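What follows is a set of notes on a single structure, which appears directly below.
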Amino acid sequence: MPEISRFYGIAITMNFREHNPPHFHATYQDYEISVDIRQDW
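Numbering (the working numbering), first residue to last: 11 to 51.
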């Protein structure tokens with residue numbers, strides 16, 4: 011996955027055209043999360 015940012019050992023990654031909903035991943039040591047990006051207007 012392309013890395014968008016890295017700070018304090020946390021890597022933020024996001025793939026173009028990956029499955030919906032749009033989201034990004036954050037990893038730190040042995041931990042990983044996926045965060046949905048939604049627009050509720």
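Here a beta-carbon is modelled for each residue, glycine too, at the ideal position from N, C-alpha and C. It should be emphasised that the depicted structure is a prediction, and the values quoted were computed from it without experimental measurement.
Next on the checklist: Check this for me: beta carbons of residue 47 and residue 36, under 8 angstroms apart or not?
Outcome noted: Taking the first residue of the sequence shown as 1, we reach residue 47 at position 37. Taking the first residue of the sequence shown as 1, we reach residue 36 at position 26. No, these two residues do not count as a Cβ contact at 8 angstroms.
Checklist entry - Cβ atoms of residue 30 and residue 11: under 8 angstroms apart, would you say? => result By one-based count along the sequence shown, residue 11 stands at place 1. By one-based count along the sequence shown, residue 30 stands at place 20. Their beta carbons are not under 8 angstroms apart, which means residue 11 does not touch residue 30 by this criterion.
Checklist entry - Going by DSSP, what residues sit across from residue 38 in a beta bridge? => result The sequence position of residue 38 within the sequence shown is 28, counting from 1. Note: residue 38 sits in a beta bridge opposite 41.
Item to check | Three-way DSSP call (helix, strand, coil) for residue 46 in this model | outcome: By one-based count along the sequence shown, residue 46 stands at place 36. Reduced to three states, the DSSP call for residue 46 is strand.
Checklist entry - Thinking C-beta only, is residue 15 closer than 8 angstroms to residue 33? => result The count along the sequence shown starts at 1 and reaches residue 33 at position 23. The count along the sequence shown starts at 1 and reaches residue 15 at position 5. No; because the gap between Cβ atoms is not below 8 angstroms, this pair is not in contact.
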